[in-house]
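Engineer: For what it's worth, the working numbering labels the leading residue of the sequence shown as 23, then goes sequentially. Backbone N, C-alpha and C define an ideal beta-carbon position, used for all residues, glycine too. Computed from a predicted structure; not experimentally measured.
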Amino acid sequence: MHDLTDEVLQRSPPASSEHARRVMVGNRSESAAERELRSELHRRGRRFRKQYQALPGVRCRVDIAFPGARIAVFVDGCFWHRCAEHVVMPKANRAWWEAKLSRNVARDRRNDQALEQAGWRVVRVWTHVPVSEMADEAERVLDDAQGATKS
Ligand SMILES: [Zn+2]
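Structure below.
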């Protein structure tokens with residue numbers, strides 16, 4: 023995960039209000055959610071790499087990677103990656119935001135495809151999901167992958 027929030031907000035049109043700004047940033051940033059998930063997985067005895075460069079030459083860092091099992095976990099912020107439940111488009115500078123967020127989502131799908139072609143399984147969790155559920159989902163896929171290689 024790249025916490026683009028501050029960087030993008032500096033370069034983007036100013037939020038029309040403090041409310042709009044809060045909606046963009048969200049109550050829980052991607053980096054905070056990612057940190058929580060890393061601690062939880064660590065507590066459960068899982069070992070992983072963070073910000074892992076899984077594909078040589080491709081600008082795609084995996085938030086939480088299990089290189090042995092080839093599992094890539096991404097923590098996606100509801101605003102930046104457009105979760106269907108919390109999709110909110112700022113009223114001001116709408117066209118700019120539409121283009122920006124569409125590019126984010128298109129890049130996510132391209133990265134998913136590139137990773138899958140290289141034999142990775144991609145798990146994406148939303149920041150609105152409680153951390154225990156994020157960890158359960160990652161473990162389910164991990165155990166599934168390990169079961170598959172054993173059999
Ligand atoms: Zn959401």
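1) Is the distance from the Cβ of alanine 76 to the Cβ of alanine 54 below 9 Å?
2) Quick check on the DSSP output: what are the complete beta strand (DSSP E) runs of length 3 or more inside the segment 78 to 119, in order along the chain?
3) DSSP three-state call for isoleucine 151: helix, strand or coil?
4) Which residue marks the beginning of the alpha helix (DSSP H) containing arginine 177, and which one marks its end?
5) Classify aspartate 98 as buried or exposed, calling it buried when 16 or more other Cβ atoms lie within 10 Å of its own Cβ.
6) Would you tell me roughly how many angstroms separate the C-alpha atoms of serine 173 and valine 145, rounded to the nearest one?
7) Quick check on the burial criterion: 16 or more other C-beta atoms within 10 angstroms. Buried or exposed for valine 127?
8) Going by beta carbon distance, what residues of the same chain come within less than 8 Å of arginine 66, once the five residues before and after it are set aside?
9) What does the shell around ligand 1 hold, if a residue joins when its beta-carbon is under 6 Å from any heavy atom?
Structural biologist: Taking the definition as stated:
1) Numbered from 1 along the sequence shown, position 54 holds the residue referred to as residue 76. Numbered from 1 along the sequence shown, position 32 holds the residue referred to as residue 54. In this structure, alanine 54 does not lie closer than 9 Å to alanine 76 by Cβ.
2) Unbroken beta strand (DSSP E) runs of no fewer than 3 residues, entirely contained in the segment 78 to 119, are found at 83 to 88 and 93 to 98, following chain order.
3) Locating residue 151 in the sequence shown gives position 129, counting from the first residue. This sequence places valine at residue 151; isoleucine is not what is there. In this structure, DSSP gives valine 151 a state outside helix and strand, which the three-state scheme calls coil.
4) Here the chain comprises residues numbered 23 to 173, so residue 177 is not present and cannot be evaluated.
5) Within the sequence shown, residue 98 is the residue found at index 76, counting from 1. With a 10 Å radius around the Cβ and a threshold of 16 neighbouring Cβ atoms, aspartate 98 comes out buried.
6) One-based indexing of the sequence shown puts residue 173 at position 151. One-based indexing of the sequence shown puts residue 145 at position 123. Below a pLDDT of 50, predicted positions are generally treated as unreliable, and serine 173, at 48, falls in that range; the measurement from the model is reported next regardless. When rounded, the distance between both Cα atoms is 22 Å.
7) The sequence position of residue 127 within the sequence shown is 105, counting from 1. Burial call: exposed.
8) As a first step, residue 66 is located in the sequence shown; it is residue number 44 there, counting from the start. Sequence-distant partners of arginine 66 (beyond 5 residues in either direction) whose C-beta falls short of 8 Å from its own C-beta, in its chain, are Ala157 and Glu161.
9) Those satisfying the condition are, in chain order, Cys100, Cys105, Glu107, His108, Trp148 and His150.
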